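In UniProt numbering, the protein residues as written are 1 to 250. Before any comments, here is the structure.
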């Protein structure tokens, strides 16, 4: 699709297997803010991590992504419909959505076109939520290894990554803003799962394209040396940042 910045289609299976799911408290909070629970639209849904949670709080969820491969890895629920479509053109009827979300995705969008689509599909008083998370936090030497590798990847990160690092505060957001709840993703991860998650980073894909596979292997080795038993599970935390807004009637 024209204008689609595709960083993840070639890693869709790994994305589905290793990207963390969001806390249900996030979906519950968004449902409480929404004017109704008839329909939620999740844009740039990837393999459906947030969409599947929203399905527990809304009668219907439509989740869109421009990547055929990402959609192909998404799990199916009776009230959850996936569509291959850009965030800027969902195909939903006007005034139909109580909630529009974009999780770890808005920094890739054509924001003026996306916001026009939000206004088109939203019911008066609907909620827009842009959600992001940055570098994972974990204690001790393993956390230091992950943080150092993240920093070393600097030249390989797309320029849009700065918006994630800023917690989306630098994105234009022309909606009546709502307070952000203090939430985080918290998961216990084994060595292989954390390495698999890091391998889904767009900067790792770029590093490998530049011939840096040995640097990726060195990171894996360093992390393994500090991890101990690979079966050991360690708590990993991704603090959430978000912009929440109310879509008022024109």
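Ideal Cβ placement from N, Cα and C applies to all residues, glycine included. Remember, predicted model here, so these are calculated numbers, not experimental data.
| message | Per the DSSP calculation, residue 80 is bridged to which residue(s)? | response | 61, 77
| request: Can you say whether residue 214 is buried or exposed, counting buried as having 16 or more other CB atoms within 10 angstroms of its CB? | output: exposed
| Bridge partner(s) assigned by DSSP for residue 245 | Residue 245 has 128, 177 as its beta-bridge partners, per DSSP.
| query | Does the pairing of the region 216 to 234 with the region 137 to 151 give three or more beta-carbon distances under 8 Å? | reply | Judged by Cβ distances under 8 Å, the region 216 to 234 makes contact with the region 137 to 151, as three or more pairs qualify.
| message | Considering only DSSP beta bridges, list what residue 186 is partnered with. | response | 237, per the DSSP bridge assignment.
| Same chain only: Cβ atoms within 6 Å of residue 307, ignoring 5 sequence neighbours per side | The shown model of the chain, from 1 to 250, leaves out residue 307, and the question about it has no answer.
| field | Residue interval of the alpha helix (DSSP H) (run including residue 223) | value | 213 to 227
| request: May I ask which residues mark the beginning and end of the beta strand (DSSP E) holding residue 42? | output: 39 to 43
| request: May I ask you to check if the CB of residue 144 is nearer than 7 Å to at least one heavy atom of the ligand FAD? | output: Only the bare structure without any ligand can be found here, which leaves the ligand FAD out of the picture.
| residue 167 to residue 46, Cα distance in whole Å? | 19 Å
| message | Could you compute how far the alpha carbon of residue 162 sits from the alpha carbon of residue 173? | response | 16 Å
| Enclosing alpha helix (DSSP H) for residue 148 [first to last residue] | 140 to 152
| Meets three-Cβ-pair contact criterion under 8 Å: the region 178 to 191 and the region 227 to 243 | yes
| C-alpha gap between residue 7 and residue 202, whole angstroms | Any reading at residue 7 must be qualified, since the residue scores a pLDDT of 45, below 50, and its modelled position is unreliable; the value itself is stated next. If you take the alpha carbons of residue 7 and residue 202, they lie about 6 Å apart.
| said: Can you look up residue 87 in the DSSP assignment and give me helix, strand or coil? | reply: coil
| query | Can you check whether the CB of residue 83 is closer than 8 Å to the CB of residue 62? | reply | Contact: yes.
| Among 133, 20, 169, 194, which has the Cα closest to the Cα of residue 48? | 20
| Local conformation of residue 133 per DSSP, three classes | Note: residue 133 maps to strand in three-state DSSP.
| What is the DSSP secondary structure of residue 24, reduced to helix, strand or coil? | Correct three-state label for residue 24: helix.
| residue 50 and residue 97: beta carbons closer than 8 Å? | no
| query | Does the distance from the C-beta atom of residue 135 to that of residue 147 stay below 8 Å? | reply | yes
| said: By DSSP's criteria, residue 101 is part of a beta bridge. Which residues make up the other side? | reply: Bridge partners of residue 101: 42, 129.
| Beta-carbon proximity of residue 89 to residue 247, cut-off 8 Å | No, Cβ-Cβ distance for residue 89 and residue 247 is not below 8 Å.
| message | Please report the distance separating the alpha-carbon of residue 157 from that of residue 57. | response | 35 Å
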